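A.B. asks: If you read the protein sequences in the order shown, they are chains A and B. The numbering used here puts the first residue of the first sequence at 1, with every later residue one more than the last. The numbering used here puts the first residue of the second sequence at 223, with every later residue one more than the last. Please find one structure pasted underneath; my questions will follow.
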Amino acid sequence: MTALPWDLQLLNTLAALLLLLSFSMLSQRRIVALVDLLALQGALLCIATLLLAWRTGSRHLYVSAALTLGLKVIFLPWLLHRLIRRLGVYWDTEPLLNIAGTMLVGVLVVIFAFGLAQPITALASTATRNSIGIALAVILIAFLTMITRRKAMSQVVGFLSMENGLFFGAMSATYGMPMIVELGVALDVLVAMLVLGVFFFQIREQFDSLDLKHLESLKEDQ
Amino acid sequence: MSVFDWVVQLMGIALAVAAAPLFLGWVNQCRAWLQNKSAPSILLPYRGIRKLFHKDAVIAENASRLFRLAPYVVFGAMVTAAAVIPSIATRLPITQAADAIALVGLLATARVFLSLAAMDVGTAFGTLGARREMMIGFLAEPALLVVIFVVSLTCATTALPMIAERLSAQAFVLNPSLAFTAVAFTMVLLAENARIPVDNPATHLELTMIHEALLLEYSARHLALMEWASALKLFNYACIGFAVFVPWGIATSHAPWSLLGAAAMLGMKLLVFGAGLALVETLSAKLRVFRAPEFLATAFLFAVLGLLVRLLLGAGT
């Protein structure tokens with residue numbers, strides 16, 4: 001067994017922890033805890049970015065680490081917590097599939113992501129290319145989180161977790177996206193979150209609940 | 223040399239059998255301290271066993287021969303398991319004769335006999351306990367096997383002594399897949415040994431109990447053997463964990479000083495692990511029986527995640 005340098009070991013461990021957090025988000029029923037897990041995921045992502053920035057010496061990764069810290073660890077969770085308090089939604093309804101079933105699908109999704117990432121991993125030349133599969137798995141599990149939930153709030157958390165996965169994927173495949181793209185994505189997420197915040201109140205005003213199954217039928221049908 | 227090997231092997235078995243109640247006493251003592259109670263003597267399990275051996279056995283009228291036989295089979299299986307697990311030295315005759323999968327089979331044999339004996343008399347409590355024990359068992363076993371597969375993948379062998387030797391020889395590396403499987407193994411250990419999130423070892427005659435319900439019909443020497451076997455089971459699981467996840471200090475030669483050092487190291491690990499176990503038991507509340515599958519599914523998930531992370535991140539980690 002050849003020992004990896006310690007910073008790569010740490011990066012791999014962080015990648016594994018990100019995957020673990022995705023699974024715990026998949027199994028979490030309380031929305032408050034879901035938001036906390038999202039903040040933790042952001043924090044891990046920030047540490048991974050800092051580590052990679054130190055390793056490669058590229059300055060723009062420091063900027064994106066700061067961006068991650070400010071936006072995903074502090075601002076968005078704060079905003080979500082405020083929304084939860086004001087809307088009074090603390091629990092998701094029973095997810096569409098039971099927890100054990102969702103977990104099983106999650107495991108299958110990870111295997112699928114691994115197969116999908118293999119050609120990309122073979123082409124990439126970065127030292128962190130092994131994490132691409134994990135990043136893809138994080139994205140797909142976040143997608144699964146969105147699919148299996150009914151409440152708008154947990155779907156938004158799933159969406160943000162998916163963005164975390166995308167960011168991590170870009171980082172491990174090419175040491176981060178160009179600065180302008182990263183800034184654009186960060187701005188997009190921020191604006192999307194603010195718009196969705198307003199949207200929540202609109203949905204609740206219309207249907208008296210945040211359950212998205214009300215949005216599935218057209219108004220004329222009722 | 224071969225005779226000396228056997229002597230060391232027999233001494234190892236004797237040490238495990240003798241030290242198992244002491245370890246149980248240590249866990250109970252730590253738990254009492256953490257809960258602000260005055261702790262019982264660390265020797266209490268020995269006294270309980272001695273007291274039971276002096277009593278006359280009472281056996282239900284309709285008990286079959288299986289009922290009398292089961293304590294000896296269960297105790298024998300646990301002693302054999304103690305011989306198979308490398309706790310102090312790795313190059314021993316019985317230790318090298320069986321691998322980890324055979325060990326899981328051995329533990330399953332003990333469970334089957336325990337459950338059959340509990341159902342033998344036909345009381346409601348015994349049957350209930352047996353069914354719950356089998357439910358926990360069939361959920362815990364796959365998780366345990368996946369844990370063993372991950373470790374076997376890492377070391378390219380299923381033999382526990384080889385695993386312990388290879389892992390203790392290499393320098394310390396951060397290994398996420400082994401960390402995940404260690405968590406999974408701890409959860410399996412808690413479930414299999416009737417510790418607190420799944421079963422409460424301190425209760426009698428409650429509808430939630432599992433392990434105690436199995437032993438309700440036993441008395442005197444049979445009960446003493448059963449309790450000794452369950453103490454030995456906890457000791458064995460701890461030793462499997464040490465061999466796989468913290469193998470440092472295990473003796474690979476039979477020089478007397480290295481054996482002594484390994485025994486001292488084992489004692490240290492047991493002290494720390496016992497305190498940790500008591501802490502976990504104090505911090506967590508007992509789950510409802512119907513939540514136990516969820517607990518074990520999480521353990522299984524951790525083990526599978528360990529496997530997947532190992533495959534994803536490649537063989538370098």
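No residue lacks a Cβ here, since even glycine has one placed at the ideal position from N, Cα and C. Values in this document were obtained by computation on a predicted structure and should not be read as measured data.
Tell me the rounded alpha-carbon separation between B:Glu414 and B:Leu535.
C.D. replies: Residue 414 of chain B sits at position 192 when you count from the first residue of the second sequence. Residue 535 of chain B sits at position 313 when you count from the first residue of the second sequence. Taking the straight line from one Cα to the other gives about 31 Å.
A.B. asks: Could you check what DSSP says for B:Gly538 in three-state terms: helix, strand or coil?
C.D. replies: Start at 1 with the first residue of the second sequence, and residue 538 of chain B comes out as number 316. At B:Gly538 the pLDDT is 48, less than 50, meaning the model places this residue with poor confidence; the figure from the coordinates comes in the next sentence. It is coil, neither helix nor strand.
A.B. asks: CB-CB under 7 Å to B:Arg208, same chain, minus the five flanking residues each way: which ones, in chain order?
C.D. replies: Shown here, chain B extends from 223 to 539; a query on residue 208 of chain B therefore has no answer.
A.B. asks: Could you tell me which whole alpha helix (DSSP H) segments of length 4 or greater appear in the region 385-423 of chain B?
C.D. replies: For the region 385-423 of chain B, whole alpha helix (DSSP H) runs of length 4 or above, ordered along the chain, are 398-414.
A.B. asks: Just checking: is the beta-carbon of B:Ala519 within a distance shorter than 7 Å of some beta-carbon in chain A?
C.D. replies: Here residue 519 of chain B corresponds to residue number 297 of the second sequence, with the count starting at 1. Yes, its Cβ sits closer than 7 Å to a Cβ of chain A.
A.B. asks: Near B:Pro267, which residues of its chain fall below 7 Å by C-beta distance, leaving aside the five closest residues on each side in sequence?
C.D. replies: The count along the second sequence starts at 1 and reaches residue 267 of chain B at position 45. Taken in chain order, the residues that qualify are Pro243, Leu246, Gly247, Ala453.
A.B. asks: Could you check if B:Trp450 is buried or exposed, using at least 16 other CB atoms within 10 Å of its CB as the buried criterion?
C.D. replies: In the second sequence, counting from the first residue as 1, residue 450 of chain B sits at position 228. Counting Cβ neighbours within 10 Å, B:Trp450 comes out buried, since at least 16 surround it.
A.B. asks: Taking buried to mean at least 16 other C-beta atoms within 10 Å of its own C-beta, is A:Arg85 buried or exposed?
C.D. replies: Start at 1 with the first residue of the first sequence, and residue 85 of chain A comes out as number 85. So A:Arg85 ends up on the exposed side.
A.B. asks: Looking at the unbroken alpha helix (DSSP H) that takes in B:Gly344, where does it start and where does it end?
C.D. replies: Here residue 344 of chain B refers to the residue found at position 122 of the second sequence. No alpha helix (DSSP H) contains B:Gly344, which DSSP labels as neither H nor E.
A.B. asks: Can you name the start and end residues of the alpha helix (DSSP H) that A:Gly169 belongs to?
C.D. replies: As a working note, residue 169 of chain A is residue 169 in the first sequence. Per DSSP, A:Gly169 belongs to the alpha helix (DSSP H) from 152-174.
A.B. asks: For my contact list, B:Ala311 and B:Gly234 are in at a C-beta cut-off of 8 Å; report their separation, rounded to the angstrom.
C.D. replies: For the purposes of this step, residue 311 of chain B is identified with residue 89 of the second sequence, where counting begins at 1. For the purposes of this step, residue 234 of chain B is identified with residue 12 of the second sequence, where counting begins at 1. Indeed, because the Cβ distance is near 7 Å, the residues count as touching under 8 Å.
A.B. asks: Taking A:Ser172 and A:Thr128 to be in contact with their CB atoms under 8 Å, please state how far apart those CB atoms are, rounded to whole angstroms.
C.D. replies: Here residue 172 of chain A corresponds to residue number 172 of the first sequence, with the count starting at 1. Here residue 128 of chain A corresponds to residue number 128 of the first sequence, with the count starting at 1. Their Cβ separation, rounded to whole angstroms, is 4 Å, which keeps A:Ser172 and A:Thr128 in contact under 8 Å.
A.B. asks: What is the rounded straight-line gap between the Cα of A:His60 and the Cα of B:Leu456?
C.D. replies: The residue labelled residue 60 of chain A in the question sits at position 60 within the first sequence. The residue labelled residue 456 of chain B in the question sits at position 234 within the second sequence. One C-alpha to the other measures close to 53 Å.
A.B. asks: For A:Gln9, decide whether its Cβ has a neighbour in chain B, counting only Cβ atoms nearer than 7 Å.
C.D. replies: For the purposes of this step, residue 9 of chain A is identified with residue 9 of the first sequence, where counting begins at 1. Judged by the 7 Å Cβ criterion, A:Gln9 is in contact with chain B.
A.B. asks: What residues from chain B crowd round A:Met103, counting only those whose CB sits closer than 7 Å?
C.D. replies: Within the first sequence, the letter at position 103 stands for residue 103 of chain A. Chain B residues near A:Met103: Ala519, Leu523.
A.B. asks: Looking at chain E, which residues of the region 354-375 of chain B have a Cβ within less than 9 Å of any of its Cβ atoms?
C.D. replies: Among the protein chains of the structure shown, namely A and B, there is no chain E.
A.B. asks: So, helix, strand or coil for B:Ala477, using DSSP?
C.D. replies: The count along the second sequence starts at 1 and reaches residue 477 of chain B at position 255. Three-state result, B:Ala477: coil.
A.B. asks: Under 9 Å Cβ-Cβ, which residues of chain B neighbour A:Ile139?
C.D. replies: Within the first sequence, residue 139 of chain A is the residue found at index 139, counting from 1. The contacting residues do not exist; A:Ile139 stays about 14 Å from chain B at best.
A.B. asks: Kindly provide the ranges of any alpha helix (DSSP H) runs that are 4 or more residues long and lie completely inside the region 267-354 of chain B, ordered along the chain.
C.D. replies: Runs found: 287-306, 322-342.
A.B. asks: Looking only at its own chain, which residues have a Cβ that is under 6 Å from the Cβ of A:Pro178, when we skip the five neighbours before and after it?
C.D. replies: Start at 1 with the first residue of the first sequence, and residue 178 of chain A comes out as number 178. Hits under 6 Å: none found.
A.B. asks: Give a yes or no on whether the minimum CB-CB distance between A:Val110 and chain B is below 7 Å.
C.D. replies: Counted from its first residue, the first sequence places residue 110 of chain A at position 110. Judged by the 7 Å Cβ criterion, A:Val110 is in contact with chain B.
A.B. asks: How long is the line joining the alpha carbons of B:Arg272 and B:Ala519, rounded to whole angstroms?
C.D. replies: The residue labelled residue 272 of chain B in the question sits at position 50 within the second sequence. The residue labelled residue 519 of chain B in the question sits at position 297 within the second sequence. Distance between the alpha carbons of B:Arg272 and B:Ala519: 39 Å.
A.B. asks: Given this structure, state the Cα-to-Cα distance separating B:Ala241 from B:Ile264, to the nearest angstrom.
C.D. replies: By 1-based counting over the second sequence, the position of residue 241 of chain B is 19. By 1-based counting over the second sequence, the position of residue 264 of chain B is 42. About 11 Å.
A.B. asks: At least one CB of chain A closer than 7 Å to the CB of B:Leu400: is that the case?
C.D. replies: As a first step, residue 400 of chain B must be located in the second sequence, where it is residue number 178. Not one chain A Cβ lies under 7 Å of B:Leu400.
A.B. asks: Residues of the region 396-420 of chain B with a CB closer than 9 Å to any CB of chain A: list them in chain order, please.
C.D. replies: Of all residues in the region 396-420 of chain B, Leu396, Asn397, Pro398, Ser399, Ala401, Phe402 have a Cβ within less than 9 Å of some Cβ in chain A.
A.B. asks: Sort B:Ala525, B:Pro383, B:Tyr459, B:His433 by Cα distance to B:Gly471 and report the nearest one.
C.D. replies: Translated into positions along the second sequence, residue 471 of chain B becomes position 249. Per the Cα distances, B:Pro383.
A.B. asks: Once DSSP output is grouped into helix, strand and coil, what is the label at A:Met1?
C.D. replies: Locating residue 1 of chain A in the first sequence gives position 1, counting from the first residue. Confidence is the limiting factor: at A:Met1 the pLDDT is only 43, short of 50, which leaves the residue's position unreliable, though a coordinate-based value still follows. Three-state DSSP puts A:Met1 in coil, outside helix and strand.
A.B. asks: May I have the straight-line CA-CA distance separating A:Met146 from A:Ser154, to the nearest angstrom?
C.D. replies: Numbered from its first residue, the first sequence carries residue 146 of chain A at position 146. Numbered from its first residue, the first sequence carries residue 154 of chain A at position 154. C-alpha separation (whole angstroms): 7 Å.
A.B. asks: Looking at chain A, is there any beta carbon in it that lies within less than 7 Å of the beta carbon of B:Leu534?
C.D. replies: Position 312 of the second sequence, counting from 1, holds the residue named residue 534 of chain B. By this cut-off, B:Leu534 is an interface position.
A.B. asks: So, are the CB atoms of B:Ile432 and B:Glu355 less than 7 Å apart?
C.D. replies: As a position in the second sequence, residue 432 of chain B is number 210, starting the count at 1. As a position in the second sequence, residue 355 of chain B is number 133, starting the count at 1. Contact: yes.
A.B. asks: Of all Cβ atoms in chain A, is any one closer than 7 Å to the Cβ of B:Val466?
C.D. replies: On the second sequence, position 244 is the one that residue 466 of chain B refers to. Closer than 7 Å: no.
A.B. asks: Below 9 Å on C-beta distance, what does B:Leu527 contact in chain A?
C.D. replies: By one-based count along the second sequence, residue 527 of chain B stands at place 305. Ordered by position in chain A, the residues that pass the 9 Å Cβ test against B:Leu527 are Ala16, Leu19, Leu20, Phe23, Val107, Val110.
A.B. asks: Taking Cβ positions, are A:Leu79 and A:Cys46 nearer each other than 7 Å?
C.D. replies: Looking up residue 79 of chain A in the first sequence gives position 79. Looking up residue 46 of chain A in the first sequence gives position 46. In this structure, A:Cys46 does not lie closer than 7 Å to A:Leu79 by Cβ.
A.B. asks: Give me the Cβ distance between B:Phe394 and B:Ala339, rounded to the nearest whole Å; I'm assuming they're in contact under 8 Å.
C.D. replies: For the purposes of this step, residue 394 of chain B is identified with residue 172 of the second sequence, where counting begins at 1. For the purposes of this step, residue 339 of chain B is identified with residue 117 of the second sequence, where counting begins at 1. Contact doesn't hold; Cβ gap of about 45 Å is too wide.
A.B. asks: Have a look at A:Gln9 and A:Val181 and give me their C-alpha separation to the nearest angstrom.
C.D. replies: As a position in the first sequence, residue 9 of chain A is number 9, starting the count at 1. As a position in the first sequence, residue 181 of chain A is number 181, starting the count at 1. If you take the alpha carbons of A:Gln9 and A:Val181, they lie about 28 Å apart.
A.B. asks: Using 7 Å as the limit for Cβ to Cβ distance, is B:Leu530 near chain A?
C.D. replies: Counting from 1 along the second sequence, the entry for residue 530 of chain B is found at position 308. Chain A contact via Cβ: present.
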